[in-house]
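Have a look at the structure below, then the notes.
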Amino acid sequence: MTDLELALAAADLADRITLAGFEATDVSVGWKDDRSEVTEIDRQTETAIGDLITAERATHGFFGEEH
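If you're matching positions, the sequence shown starts at 0 in numbering that gives the first Met the number 0 and goes up one per residue.
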């Protein structure tokens with residue numbers, strides 16, 4: 000998978016997760032250490048993207064802001 004294909008796959012994955020929760024009324028909201036809001040969908044999306052990137056690029060790291 001090229002870098003562009005990986006980026007597009009990550010974007011498509013994020014679309015699927017976030018759009019599935021877009022109209023949900025039972026989404027839990029928490030607070031990050033900086034006191035900003037974070038939803039379970041935010042965290043699920045970040046985890047899925049991180050898993051995809053590390054699976055495709057074993058030598059790459061991933062740093063996110065939602066956890």
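Where is the CB? At the ideal position from N, CA and C, for every residue including glycine.
Query, Result
"Compare the C-alpha of D14 against each of W30, E39, T38, I48 and name the closest.", "I48"
"Nearest-angstrom Cα distance between A54 and D41?", "20 angstroms"
"Taking the alpha-carbon positions, what's the L7 to F61 distance?", "16 angstroms"
"Can you give me the start and stop residues for the alpha helix (DSSP H) that G29 sits inside?", "Premise fails: G29 lies in the beta strand (DSSP E), 28-30, not in any alpha helix (DSSP H)."
"Measure the CB-CB distance between T44 and V26 and report whether it falls below 8 angstroms.", "no"
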